[in-house]
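In our numbering, the protein residues as written are 6 to 280. The beta carbon of each residue, even a glycine, is placed where N, CA and C say it ideally should be. Keep in mind it's a predicted model, so treat the numbers as computed, not measured. Take a look at the structure set out below.
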């Protein structure tokens with residue numbers, strides 16, 4: 006049976022063609038649009054799950070329907086229906102039914118109104134008969150872990166590797182131990198410096214140390230210092246570092262410092278928003 010959501014007087018209801026019930030609590034219902042979709046359908050995303058650590062959202066997708074009323078007897082938690090609705094009609098301002106067309110995997114979508122929206126990627130798209138059109142989305146934004154990349158400024162041949170290494174940093178920064186975060190920062194710094202200055206790594210085999218020395222020789226001291234900070238933190242994060250170098254174990258603050266140093270490199274190279 007087709008599922009519906011409907012809005013009346015600022016309150017949201019869900020159900021079927023035959024009945025509706027009030028959606029309890031603070032429901033998250035956002036406009037949903039596929040980027041580049043010329044059809045321009047009026048669709049809504051009803052959120053069921055959100056995890057800021059994994060940057061994953063899951064919910065149901067609905068499209069606009071021309072229905073504008075239900076029988077009031079079939080609507081639960083309808084305010085004042087006995088005294089203010091003698092005609093037994095529950096009028097709604099707008100109604101939406103289960104979306105008939107599902108977005109393709111990998112499609113980019115906007116959630117929210119234009120001017121106040123966020124960009125997401127469809128990673129799963131599932132359907133249960135007519136009952137539900139479920140989509141799982143992953144954020145394209147880094148949710149404050151790193152500044153947003155300016156992809157157009159990164160050399161085309163390096164965009165995939167740079168993006169993948171930055172994604173790994175964002176994934177580990179919210180869920181993993183400090184050692185893992187620092188390790189992904191080191192890996193990303195290698196990709197970023199090599200892509201920005203190909204002469205620093207002509208055969209693609211240089212580790213972060215030689216890349217940092219290249220920056221120093223080229224009189225880019227601030228960038229060299231940022232890269233060297235990540236390198237030294239990586240050395241400290243190794244299992245035997247404390248015993249060999251008499252240093253303390255790395256901490257969450259150290260991991261945040263490595264992420265900040267990577268952000269400095271990205272912004273100084275002109276590859277990330279300077280907010």
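CA-CA distance, residue 28 and residue 113?
In this model, residue 28 and residue 113 are separated by some 28 Å (Cα to Cα).
Excluding the five sequence neighbours on either side, which residues of its own chain have a C-beta within less than 8 Å of the C-beta of residue 264, listed in chain order?
Same-chain partners within the cutoff: 150, 151, 174, 178, 186, 190.
When the distance is taken between beta carbons, is residue 206 closer than 8 Å to residue 220?
8 Å or more divides the Cβ of residue 220 from the Cβ of residue 206.
Quick check: residue 115 and residue 102, are their CB atoms within less than 8 Å of each other?
Taking 8 Å as the Cβ cut-off, residue 115 and residue 102 do not qualify as a contacting pair.
Go ahead and pull the three-state DSSP assignment for residue 81.
Strand, per DSSP.
Taking residue 17 as the reference, which of 239, 270, 59, 98 has the closest Cα?
Ranking the options by Cα distance to residue 17, first place goes to 98.
Close beta carbons around residue 160, own chain, < 8 Å, minus the five adjacent residues each side:
Exclusion of the five residues before and after residue 160 leaves 200 as the residues of its chain whose Cβ lies within less than 8 Å of its Cβ.
Checking 8 Å against the spacing of the C-beta atoms, do residue 145 and residue 126 come in under that value?
Residue 145 is a Cβ neighbour of residue 126, given a cutoff of 8 Å.
Might you give, ordered along the chain, the residues of its own chain that have their beta carbon closer than 6 Å to the beta carbon of residue 38, omitting 5 neighbours on each side?
For residue 38, where only same-chain residues beyond five positions count, the Cβ hits under 6 Å are 115.
Using the C-alpha atoms, what's the distance from residue 271 back to residue 76?
C-alpha separation (whole angstroms): 58 Å.
Residue 196 versus residue 273: straight-line alpha-carbon distance, rounded:
Spanning the two alpha carbons is a distance of roughly 15 Å.
In this structure, does DSSP put residue 214 in helix, strand or coil?
In this structure, residue 214 counts as helix in the three-state DSSP scheme.
Secondary structure, beta strand (DSSP E): runs of 3+ residues fully inside the segment 211 to 262:
Runs of the beta strand (DSSP E) inside the segment 211 to 262: none found.
Which residues does DSSP list as the beta-bridge partners of residue 76?
Per DSSP, 94.
Per DSSP, what kind of secondary structure is residue 88 in: helix, strand or coil?
At residue 88, the pLDDT of 46 sits below 50, so the modelled position is not reliable and the matter cannot be decided from this model.
Round the Cβ separation of residue 100 and residue 62 to the nearest angstrom and send it over; I've been treating them as touching at under 8 Å.
No, residue 100 and residue 62 are not in contact; Cβ-Cβ is about 23 Å, not under 8 Å.
Hey, how far is the Cα of residue 182 from the Cα of residue 240?
Residue 182 and residue 240: Cα-Cα distance of roughly 15 Å.
Does residue 174 come out as helix, strand or coil in the three-state DSSP assignment?
Helix.
Can you tell me which residues form a DSSP beta bridge with residue 137?
In the DSSP assignment, the residues bridged to residue 137 are 133.
Just to check my reading of the structure: residue 95 and residue 80 have Cβ atoms closer than 8 Å, yes? What is that Cβ distance to the nearest angstrom?
The pair is a contact, with the Cβ atoms about 5 Å apart (cut-off 8 Å).
Terminal residues of the continuous beta strand (DSSP E) containing residue 36?
Residues 34 to 39.
In this structure, does DSSP put residue 146 in helix, strand or coil?
If DSSP states are grouped into helix, strand and coil, residue 146 belongs with coil.
Classify residue 53 as buried or exposed, calling it buried when 16 or more other Cβ atoms lie within 10 Å of its own Cβ.
Exposed is the call here.
Beta-carbon spacing of residue 49, residue 32 below 8 Å
Cβ atoms of residue 49 and residue 32: not closer than 8 Å.
What span of residues does the beta strand (DSSP E) with residue 198 cover, start to end?
Per DSSP, residue 198 belongs to no beta strand (DSSP E); it is in the alpha helix (DSSP H), 183 to 201.
Distance between beta carbons of residue 235 and residue 194, contact taken as under 8 Å
Yes, they are in contact, since the Cβ atoms of residue 194 and residue 235 sit about 5 Å apart, within 8 Å.
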